[in-house]
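In full-length UniProt numbering, the protein residues as written are 1 to 360.
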Amino acid sequence: MKYRRRDLRQLPTRKILVTQLPLAFEVGTFVVLGLILAFDLLLVIKRPHEPSMKESGLWIAFYVGLALIFAVLMFVFTGVEHGSQFLAGWITEYSLSIDNLFVFIIVLTRFSVPRKYQQEALMVGIIIALILRGIFILLGSAVIENFSWVFYIFGLFLLYTAWQQARDSGEDEGHAGDNALIRKLRSVLPISKDFDGAKVRTVVDGQKMWTPMLIVFIALGLTDLLFAVDSIPAIFGLTKEPFIVFTANIFALMGLRQLYFLLGCLLQRLVFLKHALLIILGFIGVKLIFHAMHVNELPFINGGKGIDWAPEIPIWLSLAVILGTIVVATVASLLVSRGKVDPELEQASARSQQDDSETP
């Protein structure tokens with residue numbers, strides 16, 4: 001043979017960015033997905049509200065069913081290989097999206113986004129994330145590996161967030177304008193103290209100002225991008241087709257907004273879920289730091305070499321920890337709060353209903 005087994009991996013990879021799928025199928029897919037996203041965004045803008053658990057569950061079932069239908073179409077029009085790659089990639093991305101979901105909760109909570117407008121905030125944040133992920137995917141896995149140092153920053157950020165939430169008394173969450181990040185940005189940009197619906201621009205005392213919603217949009221998009229640094233290399237290990245990678249990401253993120261509200265409804269009923277959230281954030285932070293150490297390229301850490309003893313936490317273990325923590329918190333909450341109403345949750349629900357009735 002002309003090449004040994006190890007040499008095959010070193011052959012030119014020029015075809016990685018060249019799709020072998022039918023062009024009409026790709027164009028049609030993006031047109032249909034674009035129309036669905038546009039309709040979803042228009043629906044959220046025209047009728048801002050906090051969806052119920054039933055509504056969230058129906059939307060999740062719709063998007064999951066849509067992804068499964070697309071998988072069948074992939075099998076029919078592109079063959080078993082590409083169909084299997086999409087199915088595996090979508091399941092992987094959807095599973096990893098749980099990581100961003102819990103951080104989305106922290107972002108929206110810390111910025112005190114009104115529940116009525118959280119759908120629009122999430123939708124715009126997801127669209128920004130899709131655009132950034134699309135650019136990220138086109139850059140390829142080689143460029144992604146050059147940003148491995150980001151894992152250190154985000155891992156430490158998650159640990160700090162978990163610690164901050166653990167010691168937070170909850171007394172400083174009344175106004176979005178009290179957020180420390182917004183106080184710093186106000187020195188650079190004119191940012192109003194309060195939200196004006198879902199608008200990013202408002203007028204205060206005759207002066208045009210940005211609203212905290214602008215920062216929320218950016219924070220959600222960039223937060224997802226940082227997690228994509230972890231998830232996109234995983235799917236590139238399953239397929240080298242950019243079309244499959246991108247569509248798997250689209251279908252994974254399309255149902256993320258409804259999944260957030262499904263979990264958000266449970267948050268109002270489960271008294272120990274906040275503690276579970278802190279544990280999960282801490283676990284994800286440690287996971288990202290371990291990964292950063294494993295693929296380390298910073299010259300001042302271990303001479304720029306990866307740290308061999310740093311474990312790579314597999315996806316199945318991450319899911320087991322996340323799901324296990326939620327199950328334990330759920331069971332404990334049901335046992336402890338049986339027949340009781342948590343005062344803080346009751347007050348939060350009352351405030352949410354009052355805000356919805358006062359907001360035009």
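We put the CB at the ideal spot given by N, CA and C, even for glycine.
The C-alpha of Asn-249 is placed about 18 Å away from the C-alpha of Phe-75.
Taking a 10 Å sphere around the C-beta of Pro-114, we find 16 or more other C-beta atoms and assign the residue as buried. When the Cα atoms are used, Ala-252 and Gly-206 turn out to be separated by approximately 43 Å. Proximity to Tyr-94 across Met-53, Arg-167, Leu-43, Tyr-63 peaks at Tyr-63, based on C-alpha coordinates.
Cβ atoms of Gln-165 and Leu-278 come within 8 Å of each other, at about 6 Å.
Membership of Arg-133 in the alpha helix (DSSP H) is indicated by the continuous run 118–139.
Our two residues, Leu-138 and Gln-118, have alpha carbons roughly 30 Å apart in a direct line. Residue environment analysis places Lys-116 among the buried positions, since at least 16 neighbouring C-beta atoms fall within 10 angstroms of its C-beta. If you draw a 10 Å sphere on the C-beta of Trp-59, you find 16 or more other C-beta atoms in it, and that means buried. DSSP places Lys-240 in the coil class of the three-state scheme, outside both helix and strand. Rounded to the nearest whole angstrom, the CA to CA distance from Leu-281 to Lys-287 is 10 Å. With a 10 Å radius around the Cβ and a threshold of 16 neighbouring Cβ atoms, Arg-133 comes out buried.
DSSP links Val-203 through a beta bridge to Lys-208. Taking the Cα positions, Asp-196 is about 17 Å away from Leu-189. The shortest C-alpha to C-alpha distance from Pro-22 to any of Ser-192, Pro-51, Gly-79 is the one to Gly-79. Judged by DSSP in its simplified three-state form, Ile-307 adopts coil rather than helix or strand. By the criterion of a C-beta distance shorter than 7 Å, Gly-83 is surrounded in its chain by Ala-71, Met-74, Phe-75, once the five residues flanking it on both sides are discounted.
Look at Ile-301 here: in three-state DSSP terms it is coil, with no helix or strand label. Taking 8 Å as the cut-off, the Cβ atoms of Phe-217 and Val-103 do not count as close.
Taken through DSSP and simplified to helix, strand or coil, Ile-313 comes out as coil.
For Ser-97 against Leu-256, the beta-carbon gap comes to about 5 Å, under 8 Å, which counts as contact.
For the pair Leu-108 and Gly-285, the CB atoms are not nearer than the 8 Å cut-off. Around the beta carbon of Trp-90, 16 or more other beta carbons lie within 10 angstroms, which makes this residue buried. Between Leu-41 and Leu-259, the gap from beta carbon to beta carbon reaches 8 Å or more. Taking 8 Å as the cut-off, the beta carbon of Phe-86 is found closer than this to the beta carbon of Ile-244. Between Ile-307 and His-291 a beta carbon distance of about 11 Å is seen, past the 8 Å cut, so the two are scored as non-contacting. Val-271 and Ser-333 have their C-alpha atoms some 6 Å from each other.
Taken atom to atom, the span from the alpha-carbon of Ala-121 to that of Gly-303 is near 42 Å. Nearest to Leu-37 by alpha-carbon distance, out of Ile-126, Lys-46, Phe-77, is Ile-126. Ala-129 is positioned such that its CB atom lies closer than 8 Å to that of Asp-224. Pairing Thr-247 with Thr-29 gives a Cβ-Cβ distance under 8 Å. Ile-191 is bridged by DSSP to Trp-210. In terms of CA proximity to Thr-330, Ala-276 leads the group Ala-88, Ala-276, Tyr-152. The beta carbon of Ile-313 sits closer than 7 Å to the beta carbons of Lys-287, Phe-290 from its chain, once the five residues preceding and following it are set aside; these are given in chain order. In terms of Cα proximity to Leu-323, the closest of Glu-297, Ile-106, Leu-156, Leu-263 is Leu-263.
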